[in-house]
Amino acid sequence: MNAVVERGKHVKAAMDNGRMMQSAACRASAKSAQASYGSQAGQGDLPTEVWKKVKNHPCYSEDAHHHYARMHVAVAPACNIQCNYCNRKYDCANESRPGVVSEKLTPEQAVRKVLAVATTIPQMTVLGIAGPGDPLANPAKTFKTFELVAEAAPDIKLCLSTNGLALPDHIDTIARLKIDHVTITINMVDPEIGAKIYPWIFFNHKRYTGIDAARILTDRQLQGLEMLSERGILCKVNSVMIPNINDDHLIEVNKAVKSRGAFLHNIMPLISAPEHGTVFGLKGQRGPTAQELKALQDACGGELKMMRHCRQCRADAVGLLGEDRRAEFTTDQVMKMDVQYDLEMRKAYQERVEHERAAKVAAAQNERAEMSGEMSPITLLVAVATKGSGLINEHFGHAKEFQVYELSTSGAKFVGHRRVDVYCQSGYGEEDRLSAIMRGIHDCHAVFISKIGGCPKSNLIKAGIEPVDQYAYEFIEKSAIAWFRSYLDKVKRGEIQHVQRSDAAIRQGSLISAG
Amino acid sequence: MPFKIISSQCTSCSACEPLCPNVAISEKGGSFVIEAAKCTECVGHFDEPQCAAACPVDNTCVVDTSLPRYQGASLKRDPHERHAKSCC
Ligand code: SF4
Ligand code: SF4
Ligand code: SF4
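Top to bottom, those sequences are chains A and R. If you count by the working numbering, then the first sequence holds residues 1 to 515, one letter each, in order. If you count by the working numbering, then the second sequence holds residues 516 to 603, one letter each, in order.
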């Protein structure tokens, strides 16, 4: 889609959201006085200083990811280790989605791009460097970029993702540049398991292989994590779940990283298809199913806050999570753009976002209050089509992903998202894609959309998934709880019978194109 | 013998470039190349040729057999050898 048209659309969407916000705020006003962030949307058991730092960070706060955007700049192509799930002919599979080569930028080009995006997307609050290789294997380019951005756009938060091998050597620079958050990918703390994931590392001018390599890597990762914690720099840990290799072991990893001060653990499914050309892909190593992933996340949940909204973003992603606008910001386009960094405009916009966010929380709070007193052992999953802002505002046919919520009498809890291929192709629905979408949300009882066509509607009903469009453009959590209440009522009256649904597949294909 | 980069396999990841102790590696037309005259196979600096050890694509940084043997390089990789020589 043409960039200008696309931008126009977003302005309109923002205005629509503004209207929504007002009306919802009125409806919610009665109880909003005691409204606080619900446990799932908010602070949870995070310490207050940590919560303050992350509450507007789309990658760290489930709630913020509906409202704030991030971008990555691909300035770091080199890597110092080899992972079996990565084929560096393409992007890094661990921090970015595989299959497409990114445009490599110099630090100067990167800064220009950051300013162009920040001007166009005022809710862009976070800049990350995550490869396509390892940022700390490219320290000069990475730190130069951060320095230039800190100077030109001081309100933007900086974050860094690394495999951790070089981390202990760079802690002082990370602290000096006031990098807000660091993410380390830690897939094992047992070198025997590590040897199955990492064929080699390059360390101190030497190539190490097998258990030796994995031992050095895990020691350096954990040491790096400890050093970050000592200096009070927030650190999240990413792990790739590889069935039969590290799946059970990740519970151990979870304990190890928690005890060393990680504040968030993000377990992501292995993405591996033969066409990606990775060692795992070629060997036929499968990724986990949706329920396997959720079960592992649940098993780790008690230990440390789990992140479930990770999109395994590309090293050059731009925009809200799940809504990639990078096609609007190619180097050619960025060079042509008229860039005026306006801090005040950004602040004003973000204040409006905060109002909207508070209204959303209040609405969900109200709805939860209505349900208090209800007792039912039923829990079920529903899928939601959204473009952000916490609203049900996407057509079934246009959805690139569905967000999944677990509903119970204690409310609606976000548990993950499912990527799908867009069903509607220039006005026509594609049969194959519809069945793939249904496989992707097969464990859900209902799907919430702003609009849906007759044909997919009847197919969904046949598959036992209820298409729900009566809450179009309303807040997700509030609507999901309201629907769940009526569901429980119908079960009580004997109109419907509650049945468990089966598992769903995690999409392995290469990734959604922007636009 | 100096090293060379098989350009059809190079992913231009740039991992090799900063590691070369002799600044023999540079980018040319989207791929990386080694200037044969500058390459010492890393003898005297490191135990392994750095470009080959760091390159993610196997058999991309390889010995260039088409060129005459490099004068200063020894097949026995003793990192101290060259040092010893230059001291005397
Ligand atoms: S750290 Fe990233 S770029 Fe490096 S090998 Fe692993 S997945 Fe690939
Ligand atoms: S072998 Fe060593 S000296 Fe020769 S190009 Fe590679 S890194 Fe440079
Ligand atoms: S390390 Fe290998 S792939 Fe990377 S630039 Fe050098 S020769 Fe090319």
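A virtual CB, placed ideally from N, CA and C, is assigned to each residue, including glycine. Remember, predicted model here, so these are calculated numbers, not experimental data.
| query | In the structure shown, what three-state DSSP assignment does Asn254/A receive? | reply | By one-based count along the first sequence, residue 254/A stands at place 254. Helix, per DSSP.
| said: Below 8 Å, how does it come out for the stretch 373–381 of chain A and the stretch 391–402 of chain A: are there three or more Cβ pairs, yes or no? | reply: no
| request: Could you please give the first and the last residue of the uninterrupted beta strand (DSSP E) stretch that includes Phe547/R? | output: Walking along the second sequence from the start, residue 547/R turns up at place 32. Start and end: Ser546 to Ile549.
| Interface residues of chain R facing Pro77/A [CB-CB closer than 9 Å] | Stepping through the first sequence from its first residue, residue 77/A is reached at position 77. Per Cβ cutoff of 9 Å: Thr526, Ser527, Cys528, Ser529 and Ala530.
| request: Using a Cβ-Cβ cut-off of 8 Å, state whether Ala214/A counts as contacting chain R. | output: In the first sequence, counting from the first residue as 1, residue 214/A sits at position 214. Answer no: the Cβ-Cβ gap between Ala214/A and chain R never drops below 8 Å.
| request: Measuring only between beta-carbons, confirm whether Ala166/A sits less than 8 Å from chain R. | output: Here residue 166/A corresponds to residue number 166 of the first sequence, with the count starting at 1. No, because no Cβ of chain R sits closer than 8 Å to the Cβ of Ala166/A.
| Euclidean distance between Cα positions of Ile171/A and Asp562/R | Along the first sequence, one-based indexing puts residue 171/A at 171. Along the second sequence, one-based indexing puts residue 562/R at 47. Taking the straight line joining both Cα atoms gives about 28 Å.
| Quick one: does the C-beta of Gln524/R sit closer than 7 Å to a heavy atom of ligand 2? | Translated into positions along the second sequence, residue 524/R becomes position 9. Result no, Cβ not under 7 Å from ligand 2.
| Can you tell me where the beta strand (DSSP E) with Gly411/A in it begins and where it stops? | The count along the first sequence starts at 1 and reaches residue 411/A at position 411. Start and end: Gly411 to Arg419.
| query | Residues of chain A with a CB under 8 Å from the CB of Ala539/R: which are they? | reply | On the second sequence, residue 539/R is found 24 positions in, with the first residue counted as 1. Those within 8 Å of Ala539/R in chain A number zero; the least Cβ separation is about 16 Å.
| field | Distance, Ile496/A Cα to Phe263/A Cα | value | Walking along the first sequence from the start, residue 263/A turns up at place 263. Walking along the first sequence from the start, residue 496/A turns up at place 496. Phe263/A and Ile496/A: Cα-Cα distance of roughly 42 Å.
| request: Can you grab the Cα-Cα spacing for the pair Ser372/A / Arg215/A, in whole Å? | output: Translated into positions along the first sequence, residue 372/A becomes position 372. Translated into positions along the first sequence, residue 215/A becomes position 215. Each residue's alpha carbon lies about 51 Å from the other.
| request: Have a look at Ala150/A, Tyr208/A and Thr185/A and flag the residue whose alpha-carbon is nearest the alpha-carbon of Lys178/A. | output: As a first step, residue 178/A is located in the first sequence; it is residue number 178 there, counting from the start. Ranking Ala150/A, Tyr208/A and Thr185/A by Cα distance to Lys178/A puts Ala150/A first.
| request: Identify, in the order they occur along the chain, each residue of the same chain with its Cβ nearer than 6 Å to the Cβ of Leu160/A, setting aside the five sequence neighbours on each side. | output: Locating residue 160/A in the first sequence gives position 160, where the first residue counts as 1. Excluding sequence neighbours, Leu160/A sits near Ile129, Pro135, Ile179 and Val182.
| query | How about Glu563/R: is its C-beta nearer than 8 Å to some C-beta of chain A? | reply | Locating residue 563/R in the second sequence gives position 48, counting from the first residue. Answer yes: the Cβ-Cβ gap between Glu563/R and chain A drops below 8 Å somewhere.
| task | For Met188/A, I'd like the list of residues in its chain whose CB is within less than 8 Å of its CB, leaving aside the five on either flank, ordered along the chain. | result | Position 188 of the first sequence, counted from the start, is the residue given in the question as residue 188/A. Cβ neighbours of Met188/A beyond the five flanking positions: Gly194, Ile197, Ala214, Thr218, Asn246, His249 and Val253.
| Backbone secondary structure at Ser458/A - three-state DSSP | By one-based count along the first sequence, residue 458/A stands at place 458. Here Ser458/A sits in helix by DSSP.
| Collapsed DSSP secondary structure at Val240/A in the structure displayed | Taking the first sequence and counting its residues from 1, the one referred to as residue 240/A is at position 240. Reduced to three states, the DSSP call for Val240/A is strand.
| said: Counting only C-beta atoms, is Pro571/R closer than 8 Å to chain A at any point? | reply: Counted from its first residue, the second sequence places residue 571/R at position 56. Yes, because at least one Cβ of chain A sits closer than 8 Å to the Cβ of Pro571/R.
| said: So that I know if they touch, is there some Cβ in chain R lying closer than 8 Å to that of Gln543/A? | reply: There is no way to answer for residue 543/A, as the model of chain A reaches only from 1 to 515.
| query | If you measure from the CB of Ile549/R, is any heavy atom of ligand 2 nearer than 7 Å? | reply | Translated into positions along the second sequence, residue 549/R becomes position 34. Yes - ligand 2 has a heavy atom lying nearer than 7 Å to the Cβ of Ile549/R.
| query | Within this structure, are the beta carbons of Leu234/A and Ile184/A separated by less than 8 Å? | reply | Sequence index remark: in the first sequence, residue 234/A carries index 234 (1-based). Sequence index remark: in the first sequence, residue 184/A carries index 184 (1-based). No, the pair does not count as a contact, with Cβ atoms beyond the cut-off.
| task | Taking only beta-carbon positions, decide if Phe202/A is within less than 8 Å of chain R. | result | Within the first sequence, the letter at position 202 stands for residue 202/A. Yes, Phe202/A counts as interfacial toward chain R.
| query | Closer than 8 Å, CB to CB, is Ala568/R near chain A or not? | reply | Here residue 568/R refers to the residue found at position 53 when the second sequence is read from its first residue. Closer than 8 Å: yes.
| Can you name the start and end residues of the alpha helix (DSSP H) that Gly277/A belongs to? | Within the first sequence, residue 277/A is the residue found at index 277, counting from 1. Run containing Gly277/A: none; DSSP gives neither H nor E here.
| field | Interface positions of the stretch 479–497 of chain A facing chain R (Cβ-Cβ less than 7 Å), listed along the chain | value | none
| query | Within the chosen definition, does the stretch 458–477 of chain A reach the stretch 432–448 of chain A through at least 3 CB pairs nearer than 8 Å? | reply | yes
| How about Asn87/A and His276/A: are their beta carbons less than 8 Å apart? | On the first sequence, residue 87/A is found 87 positions in, with the first residue counted as 1. On the first sequence, residue 276/A is found 276 positions in, with the first residue counted as 1. Yes, these two residues count as a Cβ contact at 8 Å.
| query | For Arg528/A and chain R, any beta-carbon pair shorter than 8 Å? | reply | Absent from the structure is residue 528/A, since the part of chain A shown begins at 1 and ends at 515.
| By DSSP, does Cys566/R sit in helix, in strand, or in coil? | Looking up residue 566/R in the second sequence gives position 51. Helix.
| task | Flag Gln565/R as yes when its Cβ comes closer than 7 Å to any non-hydrogen atom of ligand 2, and as no otherwise. | result | Walking along the second sequence from the start, residue 565/R turns up at place 50. Yes, the Cβ of Gln565/R comes within 7 Å of a heavy atom of ligand 2.
| Taking Cβ positions, are Tyr473/A and Asn393/A nearer each other than 8 Å? | Mapped onto the first sequence, residue 473/A falls at position 473. Mapped onto the first sequence, residue 393/A falls at position 393. Yes; because the gap between Cβ atoms is below 8 Å, this pair is in contact.
| task | Give the straight-line distance between the Cα atoms of Arg286/A and Asn84/A, rounded to the nearest whole angstrom. | result | As a working note, residue 286/A is residue 286 in the first sequence. As a working note, residue 84/A is residue 84 in the first sequence. Looking at the two C-alpha atoms, the distance is approximately 13 Å.
| message | I want to check one thing, is the minimum distance from the CB of Ile193/A to the heavy atoms of ligand 3 below 7 Å? | response | Here residue 193/A corresponds to residue number 193 of the first sequence, with the count starting at 1. No, Cβ of Ile193/A sits at least 7 Å from all heavy atoms of ligand 3.
| request: Rank Pro571/R, Val538/R and Cys528/R by C-alpha distance to the C-alpha of Ala551/R and give the top, closest one. | output: For the purposes of this step, residue 551/R is identified with residue 36 of the second sequence, where counting begins at 1. Measuring from the Cα of Ala551/R, the nearest candidate turns out to be Val538/R.
| Does ligand 2 have even one heavy atom less than 7 Å from the beta-carbon of Glu556/R? | Against the second sequence, residue 556/R aligns to sequence position 41. Yes; taking the cut-off as 7 Å, the Cβ of Glu556/R has a heavy atom of ligand 2 nearer than that.
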